[in-house]
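Visitor:
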Amino acid sequence: MGDDPRKPKWGSAPYWAKFVAMDENGRWMWYEGYPEFDRESGLWNCDHGRLQEAYVEQLEASETLEGRPEGQ
Numbered sequence: 121m122g123d124d125p126r127k128p129k130w131g132s133a134p135y136w137a138k139f140v141a142m143d144e145n146g147r148w149m150w151y152e153g154y155p156e157f158d159r160e161s162g163l164w165n166c167d168h169g170r171l172q173e174a175y176v177e178q179l180e181a182s183e184t185l186e187g188r189p190e191g192q
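Pasting the structure below:
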């Protein structure tokens, strides 16, 4: 998933995980089966296979200050 710290790293995925997705509440989950997005609930659902919460590495608060880009 690249170097984006807001996304789980595949290196931390369970061996069985084939998919990862974030619900609208910000919670990431690993899925063994292909999940489908439920627009009404804002959640990814999967009726088959295993699932497990995917933890995201937290940023250090002291390293998050960012200035507004010019023209934005």
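Numbers in the working numbering are just positions in the sequence shown, counted from 1, shifted up by 120. Glycine included, each C-beta is placed from N, C-alpha and C at the ideal position.
Tell me which residue opens and which closes the beta strand (DSSP E) that residue 165 is part of.
Guide: Taken as a continuous stretch (DSSP letters only), the beta strand (DSSP E) holding residue 165 covers 163-165.
Visitor: Quick check on residue 185: buried or exposed, where buried means 16 or more other Cβ atoms within 10 Å of its Cβ?
Guide: Taking all protein chains shown into account, residue 185 has fewer than 16 neighbouring C-beta atoms within 10 Å of its C-beta and is therefore exposed.
Visitor: In whole angstroms, what is the alpha-carbon distance linking residue 177 and residue 191?
Guide: 31 Å
Visitor: Looking only at C-alpha atoms, which of 162, 179, 183 and 189 sits nearest to residue 125?
Guide: 179
Visitor: How many Å lie between residue 162 and residue 155 at the Cα?
Guide: 12 Å
Visitor: Would you kindly work out how many angstroms separate the C-alpha atoms of residue 144 and residue 183, rounded to a whole number?
Guide: Residue 144 and residue 183: Cα-Cα distance of roughly 25 Å.
Visitor: Could you tell me whether the Cβ atoms of residue 130 and residue 152 are closer together than 8 Å?
Guide: no
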